[in-house]
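For reference, the structure is listed below as structure tokens.
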């Protein structure tokens, strides 16, 4: 199981936090009479005041995440990238290997056209504005809630990493997790795992129970070459649960991007 450490990046109204594994906190026990504490594991005491205890727990959770100020976010029009002269010959060599209808996941790609992060990390791009779901779930009118969920969905199309590159394929059992801190001091937590290698299936779970929503689902990612174009095919579904309205569920089916 692999955690991929990444970043804390301000994105409009929120921050994204990526975990940093802490051995001390991972082994901490909250009960001094627990079996773990008797075996010499470090003991962490909590305040008797419920509000102070909650703040301490949130502080320790946040301490598991590290900042990465180097992550860049592109804007509209930056998906076109000039290929360096020394890499053009590699691209021609690559194109000679593929045939129309061929699955590109079976082709070894040169590193300069790969994005330096995992596909599990890239999936989190869709949830950078998850706080919009918190705004949707407080609406009493079902139609307005639906529009609020649609607004969140469209916001996931706004974030554009610089250049149009393919992320690395996750290994079986690899995990990625992060969380977003919103302006109202709530947190949206994201965790994804590669649950199958052949075919490549990625499962994910997003939760912000204080704001009243949970998202869960899985995706099968495939890509094909058609001679003069390629397609990225995502098969699967994300289910959005609005917890404060009798468990309203919205199904977001994956789409094929050409």
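In our numbering, the protein residues as written are 4 to 261.
We put the CB at the ideal spot given by N, CA and C, even for glycine.
The structure displayed is predicted, hence computed values, not measured ones.
Exposure label - residue i; buried when at least 16 CB within 10 Å
i           : result
residue 27  : With a pLDDT of only 36 at residue 27, under 50, the local geometry of the prediction cannot be trusted, and the value read off the model is given with reservation. Classification for residue 27: exposed.
residue 140 : buried
residue 197 : buried
residue 4   : At residue 4, the pLDDT of 38 sits below 50, so the modelled position is not reliable and the matter cannot be decided from this model.
residue 217 : buried
residue 58  : exposed
residue 160 : exposed
residue 231 : exposed
residue 245 : buried
Contact under 8 Å by Cβ, residue i with residue j
i           : j           : result
residue 170 : residue 118 : yes
residue 211 : residue 190 : yes
residue 247 : residue 215 : yes
residue 177 : residue 126 : no
residue 223 : residue 204 : yes
Residue closest to residue i, alpha-carbon to alpha-carbon, out of the options
i           : options            : result
residue 131 : 183, 213, 228      : 183
residue 157 : 102, 180, 52, 135  : 135
residue 137 : 65, 52, 154        : 154
residue 65  : 160, 120, 180, 159 : 180
residue 115 : 168, 202, 54, 185  : 168
residue 133 : 185, 53, 63        : 185
residue 128 : 146, 234, 194, 53  : 194
Neighbourhood of residue i by C-beta distance below 8 Å, restricted to the same chain and skipping five residues each side
i           : result
residue 102 : 228
residue 142 : 148, 151
residue 220 : 206, 207, 239, 240, 241, 242, 255
residue 97  : 110, 112, 113
residue 105 : 227, 228
Cβ neighbours of residue i in the same chain (closer than 6 Å, five flanking residues each side left out)
i           : result
residue 225 : 236
residue 192 : 182, 210
residue 175 : 197, 200
residue 120 : 170
residue 213 : 189
residue 144 : none
Sequence-distant residues of the same chain with beta carbon closer than 7 Å to residue i, five excluded per side
i           : result
residue 100 : 110
Within the stretch 183-225, ranges of the beta strand (DSSP E) (whole runs, at least 3 residues): 190-199, 204-211
At which residue ranges does the stretch 123-187 contain complete alpha helix (DSSP H) runs of 4 or more residues, listed in the order of the chain? 134-139, 145-158
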